[in-house]
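Engineer: Structure below; questions to follow.
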Amino acid sequence: DAMTRTASSRTNKCKHWLLLLTLLCGGLLASQLTLIGLAVPPDLTITNNDDLPRKPPDTTIVITSSLIPSHPSIRMINDTIISVRTHLLGLHPDTPFIIAIDGLKSSATDDDRRRYDEMVDNLHTTYTSALVLTKNASEGLTKNIQKSIGYVQTKYLYLVQHDLIFALDINHTAMVKTFEEYPGLMNVVRFNLRKNMFRFSDRRYPCFGENSPMNNVNGIHFTKTGHWSDNNQFSSKQYYIDLFRDHFTLAHQLTVPMEYRMTHVTAANCSYEGPWLYGRKRSGPWVIHLDGKRTTSYFGNMTNITVSGHY
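Residues 898 to 1208 in our numbering are what the sequence shown spells out, letter by letter.
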């Protein structure tokens, strides 16, 4: 009823502002911290699901990264990991993390190389249980993702960009259950940077918001879209293996962002190839962009970001 929805909305907003306050307070202490930034437990233990039985993890967190102006500080990755630990509800306590760092461009300076090496050292020091992958040269996000998939040893994975933090709670348990129950319908779930609304760019995708059992299933909601994006997403390892095998057969296709190629694929077969947006229509935004490429120094200051998301 209306009262329940209001109480739920207030609870969600409190969670958002608590996360923002945590990041802001961390920023106020930035001058007193070392380059590794905000302290995060190095074992990466998930703490929001103490009642889960001890069984093998079903999911891996893959965080893609590259050299950005705020490095060698890893505070931005720290805050992204905090959002994973805070908002992905139902993750196994021993969920593995992979941090995949693209290599340096040929134009890299000596200072770039120094910052890159220090950033990698900071990650190894802080996240001792994570697998940190590096490359000798820049290959771009698509190849970075493709190579990272080979190291995943679980059935499912989240692809998370190092500057896209989760802003709302995600029912991981219910999402996995839905993938298990509807393998023919569930391909990939994207967490929208904006509200789940039809936009002008969606005009080429006739499947947006189409009726489906996935609109309301296992206590969660999904919205169909044809708009494929490299933003944070969830799917099976097999989905990505098949995606690269079927749609990235030419070398040059691996040199551009995946969404450039996949927009053509989904436009041709929207209902089948199009991803699902997590949440019902008009819900979100589910992630917040910290804009790593344009942020010269990052101290967790979120005061310019307004969170108005809802389920």
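Here a beta-carbon is modelled for each residue, glycine too, at the ideal position from N, C-alpha and C.
1) Would you check if there are 3 or more beta carbon pairs closer than 8 Å linking the segment 1044-1062 to the segment 950-961?
2) From the DSSP output, which residues share a beta bridge with residue 983?
3) State the Cα-Cα distance for the pair residue 1174 and residue 1052, rounded to the nearest angstrom.
4) Can you tell me whether residue 1188 is buried or exposed? The criterion is at least 16 other CB atoms within 10 Å of its CB, across all chains shown.
5) Report the residue from 996, 1040 and 1026 whose alpha carbon sits nearest the alpha carbon of residue 1141.
6) So, helix, strand or coil for residue 1165, using DSSP?
7) Taking its Cβ as the centre, do 16 or more other Cβ atoms sit within 10 Å of residue 1089, making it buried, or is it exposed?
8) Please tell me whether residue 1122 and residue 1171 are closer than 7 Å, where the distance is taken between their beta carbons.
9) Out of 1151, 1129, 1157 and 1161, which one is the CA nearest neighbour of residue 845?
10) Within the same chain, show all residues whose beta-carbon is closer than 7 Å to that of residue 922, passing over the 5 residues directly before and after it, in chain order.
11) Could you give the distance in angstroms between the alpha-carbon of residue 1119 and the alpha-carbon of residue 1071?
12) In this structure, what does DSSP give as the bridge partners for residue 1186?
13) Per the DSSP calculation, residue 1121 is bridged to which residue(s)?
14) Along the alpha helix (DSSP H) that carries residue 998, what are the first and last residues, could you check?
15) Which class does residue 1091 belong to by DSSP, given the choice of helix, strand or coil?
16) Taking the alpha carbon of residue 954 as the reference point, which residue from 1078, 991, 966 and 1133 has its own alpha carbon closest?
17) Give me the Cβ distance between residue 1033 and residue 969, rounded to the nearest whole Å; I'm assuming they're in contact under 8 Å.
18) Going by the DSSP bridge assignment, what does residue 1030 pair with across the sheet?
19) From what residue to what residue does the alpha helix (DSSP H) around residue 1022 run?
20) Can you tell me whether residue 960 is helix, strand or coil according to DSSP?
21) For residue 1008 and residue 1002, what's the separation of their Cα atoms in angstroms?
Structural biologist: In short:
1) yes
2) BP columns for residue 983 are empty, so no partner.
3) 20 Å
4) exposed
5) 1040
6) helix
7) buried
8) yes
9) Since the first residue of the chain shown is 898 and the last is 1208, residue 845 is not available in this structure.
10) With a pLDDT of only 47 at residue 922, under the threshold of 50, the placement of this residue in the model should not be trusted, and no figure is reported.
11) 12 Å
12) 1061
13) 1173
14) Segment 994-998 is the beta strand (DSSP E) holding residue 998; no alpha helix (DSSP H) there.
15) coil
16) 991
17) At roughly 19 Å, the Cβ-Cβ gap does not stay under 8 Å, so residue 1033 and residue 969 are not in contact.
18) 997
19) 1007-1023
20) strand
21) 13 Å
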